[in-house]
Amino acid sequence: FHGFFIDLSRELTPPGEPSQGCGTFPFYNPDIGLSVTGYYNTADLASVDELVSYYLKPDDEQKSDVVVVEKAYIRLRGIPAIHYVVHFSDPKSGLAMISDNIAAIRRGYFVYEIGLTTLASRYLEEAPVLEQVIKGWKLLPFYE
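Each residue of the sequence shown is one higher than the one before, counting from 139 in the working numbering.
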């Protein structure tokens, strides 16, 4: 068994003012939002570098103007990981977007990803929610 949970009881903070959004995302674009995933490494990717390279390959139908503005080797609860931030234009609207992600592969078999994709104009407002989710992300014990 493998897995994770997100303990937000001590991480999410209420907005300073009632009018503040505190992490609400617009519903008009399903490509905007926060994602947390865990899945088996069925593609047999050898490393987290290979995983990130796979995601950043240009795709004719998707984002063709992806620019990596930050890439750092980190640890996600002890697991080797990569934190990467990319800028691109939304293919439908042409609006500037930012995708801020962490990708990790545990024991070669389990992939974990945490990410935020949002409009560049909203990134500074929404990034604290991503930081709170990352702080609250915990691993469950690994059972073979």
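Note that the Cβ used here is the ideal one computed from N, Cα and C, for glycine as well.
Inset, instruction - State the DSSP-derived secondary structure class of Ser191, mapped to helix, strand or coil. - result: helix
Legend entry - Backbone CA spacing between Leu257 and Glu251 [nearest angstrom]: 20 Å
Inset, instruction - Would you mind working out which of Gly216, Asp203, Ile170 and Leu172 sits nearest Arg127, comparing C-alpha positions? - result: Here the chain comprises residues numbered 139 to 282, so residue 127 is not present and cannot be evaluated.
Legend entry - Where Ile252 falls: helix, strand or coil (DSSP): strand
Inset, instruction - Using a threshold of 8 Å, state whether the C-beta atoms of Leu268 and Leu194 are closer than that. - result: no
Inset, instruction - Return the first residue and the last residue of the beta strand (DSSP E) that Ala219 is part of. - result: Ile217 to Ser227
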